[in-house]
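Numbering (my numbering), first residue to last: 5 to 276.
Below is the structure:
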């Protein structure tokens with residue numbers, strides 16, 4: 005219930021700016037209660053109650069996304085740590101799905117059925133030569149320059165390369181859906197695939213991770229809907245955060261996705 009009340013209060017604050025401060029405080033109160041409730045019962049989740057916890061985790065995720073998308077209005081400092089936390093929440097949502105087969109989650113139909121469908125990429129839609137894919141070739145070369153330990157399979161270099169390969173697939177999914185038909189689930193699926201180390205790198209401001217995140221933001225803009233009060237503006241919020249903290253020597257690497265974002269140019273219509 006606290007998760008639902010947190011989202012409801014946040015929505016009221018969003019559509020009634022004059023009363024924002026009051027309802028933001030109410031939302032934060034219920035957010036904290038929902039988080040405490042959820043954290044204290046993680047070990048109690050099973051097949052009999054996983055649906056209730058799935059919806060609670062989803063509501064918490066929505067609140068975390070809103071804070072990034074509307075960082076200028078939430079009344080507190082919002083940064084890359086909040087972006088990383090959103091990704092962790094989404095991992096938690098994905099973990100709850102594992103308590104029963106996807107077919108059982110989808111059997112009731114509705115939006116959840118659409119969201120949990122396994123995306124299919126037609127053979128002719130691989131887009132290896134598209135502008136975005138070629139741009140990712142350059143970023144992958146950059147990622148392979150990240151220092152790596154020979155003793156650890158999971159290291160900063162390997163997780164950057166994995167994040168980029170997953171981003172390639174997310175782009176293919178969005179492209180296969182066609183203009184105006186891209187489902188947000190297709191692009192947000194990228195966040196679920198991210199290794200924990202890569203999410204930590206985002207939160208700590210690792211330069212290569214931020215370059216990759218900026219390119220994801222440019223892609224995710226294509227799936228945003230103006231009437232999505234919670235998520236609309238998320239990609240711009242992320243880009244501005246990256247632009248604010250990244251060191252000058254890395255700034256040329258984010259100019260490409262930043263131009264796509266600021267001038268609202270599709271990532272596949274950009275020059276490489």
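C-beta: ideal position from N, C-alpha, C; glycine also. Predicted, not measured: the structure shown is a model, and the values here were computed from it.
With contact defined as three or more Cβ pairs closer than 8 Å, the region 201 to 216 and the region 233 to 243 are not in contact.
A Cβ-Cβ contact shorter than 8 Å links residue 271 with residue 222. Under the three-state reduction of DSSP output, residue 263 falls in the helix class. Residue nearest to residue 145 within the set 216, 18, 48, 47 is 216 (criterion: CA-CA distance). Cβ neighbours of residue 236 within its own chain (closer than 6 Å, five residues either side excluded): 228, 230. Sequence-distant Cβ neighbours of residue 27 in its own chain, meaning closer than 8 Å and more than five residues away, are 13, 14, 16, 17, 20. Given a length threshold of 4 residues, each whole run of the alpha helix (DSSP H) inside the region 135 to 191 is given here in chain order: 135 to 147, 160 to 181. Looking at the backbone, the Cα of residue 264 and that of residue 150 are separated by about 25 Å. Residue 102 carries a coil assignment under DSSP once its states are collapsed to helix, strand and coil. Pairing residue 219 with residue 256 gives a Cβ-Cβ distance that is not under 8 Å. Distance from residue 206 to residue 88 at the Cβ level is roughly 5 Å; contact confirmed, criterion being Cβ atoms closer than 8 Å. For residue 69, the uninterrupted alpha helix (DSSP H) segment begins and ends at 54 to 73. Judged by DSSP secondary structure, residue 243 falls within the alpha helix (DSSP H) whose first and last residues are 238 to 249. Exposed is the label assigned to residue 157, since fewer than 16 other Cβ atoms lie within 10 Å of its Cβ. In the DSSP assignment, residue 205 falls within the unbroken alpha helix (DSSP H) covering 200 to 208.
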